[in-house]
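Worksheet for the structure shown next.
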Amino acid sequence: MPEATAFFIHTRLHLKVSRAKVAFHTHMPHATALCMVEGEPLLFAGQTALKFYGRTTLDRDYNGLALDSAEGDRIAASVGNADIILMKHHGVMVLGNTIAEAWDDLYYLERACAATSVSASGPHGVIISTAMHKPS
Ligand SMILES: [Zn+2]
């Protein structure tokens with residue numbers, strides 16, 4: 001028997017978001033920490049973060065532990081076209097076509113969040129260059 005909150009989140013997500021062949025949901029420390037502060041969790045101020053530019057959504061409506069289908073349904077409804085879901089007060093969800101793709105995204109998401117967290121905690125503000133957002 002899977003852990004109850006994981007069961008309710010994953011069963012409802014796979015039921016409602018058919019394109020999500022793979023879904024990893026974690027509470028990894030840097031990404032989760034950024035989801036616990038004001039504003040956008042992930043700043044597109046560094047090269048690693050750009051891997052996720054245009055691919056994220058922010059779920060702002062955390063309702064506590066998912067102990068029934070309602071929270072899983074709500075999370076699934078928040079996904080839209082994104083494959084990276086930053087979940088306020090909770091963690092992250094990464095969707096992919098394969099385990100390898102989702103794992104790669106999950107790994108680099110945590111690395112990008114670590115860089116964002118360290119840079120944002122420094123003595124100077126984070127610089128977001130407009131050049132960062134130009135399509136290549
Ligand atoms: Zn969780």
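Going by this note's numbering, 114 is the number at position 114 of the sequence shown; the sequence numbering is gapless.
We put the CB at the ideal spot given by N, CA and C, even for glycine.
Give the single residue among the options whose Cα lies nearest to the Cα of residue i.
{"i": "E95", "options": "T116, F52, P41", "result": "Residue 95 is actually Leu in this sequence, not Glu. Checked all of T116, F52, P41; the closest Cα to L95 is F52."}
{"i": "Y108", "options": "K16, T56, S121, T48", "result": "T48"}
{"i": "Y62", "options": "H90, I128, H27", "result": "H90"}
{"i": "L50", "options": "A112, S117, M28", "result": "A112"}
{"i": "V37", "options": "H124, A120, T5, G125", "result": "A120"}
{"i": "T26", "options": "N81, A70, L15, D105", "result": "D105"}
In the DSSP output, what is residue i paired with across the bridge?
{"i": "I84", "result": "T56, V94"}
{"i": "H25", "result": "M93"}
Less than 6 Å between C-beta atoms, sequence neighbours within five positions excluded: which residues of the same chain meet that for residue i?
{"i": "P41", "result": "L34, C35, L86"}
Within a Cβ cutoff of 7 Å, which residues of the same chain sit near residue i, ignoring the five residues on either side of it in sequence?
{"i": "H30", "result": "E110, C113, A114, S117"}
For residue i, which residues from the same chain have a beta carbon less than 8 Å from its beta carbon, with the 5 sequence-adjacent residues on both sides left out?
{"i": "I128", "result": "L43, F44, A45"}
Original post:
Looking at C-beta atoms only, is the number of pairs between the segment 58-69 and the segment 3-15 that lie closer than 8 Å three or more?
Top reply: Using a C-beta cut-off of 8 Å, the segment 58-69 makes contact with the segment 3-15, since at least three inter-stretch Cβ pairs fall below that distance.
Original post:
Do the segment 69-80 and the segment 96-108 touch if we need at least three Cβ pairs shorter than 8 Å?
Top reply: Contact between the segment 69-80 and the segment 96-108 is not established, with fewer than three Cβ pairs separated by less than 8 Å.
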